[in-house]
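Here's the structure we're looking at; comments come further down.
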Ligand code: E4P
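Right under this line is the structure:
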């Protein structure tokens with residue numbers, strides 16, 4: 015499993031990179047708006063220059079031509095930019111055009127294996143099933159990742175699965191076991207993954223023992 019950060023916050027990205035485990039970033043219009051960014055393209059370029067890996071930036075248009083027109087300059091910002099396109103009929107058409115031009119895409123807002131199959135058929139580089147939002151409506155988000163992964167395996171589909179809308183560490187473990195290639199995490203969840211009370215207690219004990227012995231010998 016590879017770890018991406020699901021954020022447009024530069025401090026969070028820097029902190030995640032410092033941990034040595036982040037190999038990509040995903041953003042969406044909500045996350046970018048939260049940062050109060052005036053220059054969207056400039057911000058995407060800055061993120062792409064920080065991260066050694068794919069950086070997803072989403073289009074806002076709803077029609078095929080509009081999506082393609084937004085996607086081309088986004089992709090031209092930096093070789094690592096991946097264009098995020100919503101799973102609609104128009105979006106699928108845009109993914110086909112972009113994949114013919116060699117522009118990588120991340121098809122977002124995927125809530126069924128059938129939608130994931132359509133995205134793959136259109137030539138998507140990545141599909142993003144939204145685990146947490148499906149749980150929110152009483153369905154099984156991790157089950158969706160499992161179904162997409164097994165369907166792609168049976169069908170020998172190379173499109174990579176990004177488990178998205180991840181809310182807590184259990185989602186991450188489930189995404190990995192289900193066969194997701196990547197989990198994109200809010201910074202808070204990335205930090206939570208590393209924490210265990212026994213690790214902290216162990217470090218405290220090691221230091222106390224060391225200092226007690228040092229005092230004894232000193
Ligand atoms: C996907 O790439 C999205 O940015 C994201 O995971 C959405 O998650 P949310 O449901 O927490 O908004």
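Numbering (UniProt numbering), first residue to last: 15 to 232.
Each residue gets a CB set at the ideal place from its N, CA and C atoms; glycine is no exception.
Proximity test, residue i beta-carbon vs ligand 1 heavy atom, cut-off 8 Å
i, result
"residue 178", "yes"
"residue 42", "yes"
"residue 16", "no"
"residue 213", "no"
"residue 181", "yes"
"residue 102", "no"
"residue 142", "yes"
"residue 120", "yes"
"residue 70", "yes"
"residue 205", "no"
"residue 127", "no"
Per-residue burial, residue i [other beta carbons within 10 Å of its own, 16 or more giving buried]
i, result
"residue 129", "buried"
"residue 83", "exposed"
"residue 94", "buried"
"residue 160", "buried"
"residue 154", "exposed"
"residue 185", "buried"
"residue 247", "Any answer about residue 247 is impossible in this case: the structure gives the chain only from 15 up to 232."
"residue 179", "buried"
"residue 122", "buried"
"residue 221", "exposed"
"residue 170", "exposed"
"residue 215", "exposed"
"residue 56", "exposed"
Helix, strand or coil at residue i [DSSP, three-state]
i, result
"residue 38", "strand"
"residue 100", "strand"
"residue 144", "strand"
"residue 167", "helix"
"residue 16", "strand"
"residue 82", "helix"
"residue 70", "strand"
"residue 75", "coil"
"residue 27", "helix"
"residue 128", "helix"
"residue 174", "strand"
Assumed close pair residue i, residue j - CB separation to whole angstroms, cut-off 8 Å
i, j, result
"residue 119", "residue 96", "7 Å"
| message | I want to know whether the stretch 15-29 touches the stretch 188-206 - three or more CB-CB distances under 8 Å. | response | In short, these stretches touch, since the Cβ pair count reaches three.
| request: Pair every Cβ in the stretch 71-78 with every Cβ in the stretch 125-139, then say whether three or more of these pairs are closer than 8 Å. | output: no
| Taking three-plus beta-carbon pairs below 8 Å as touching, is the stretch 140-151 in contact with the stretch 202-214? | no
| query | Below 8 Å, can you find three or more Cβ-Cβ pairs linking the stretch 102-115 to the stretch 22-38? | reply | no
| field | the stretch 207-215 / the stretch 43-52 touching (three or more Cβ pairs under 8 Å) | value | no
| message | I want to know whether the stretch 20-30 touches the stretch 85-105 - three or more CB-CB distances under 8 Å. | response | no
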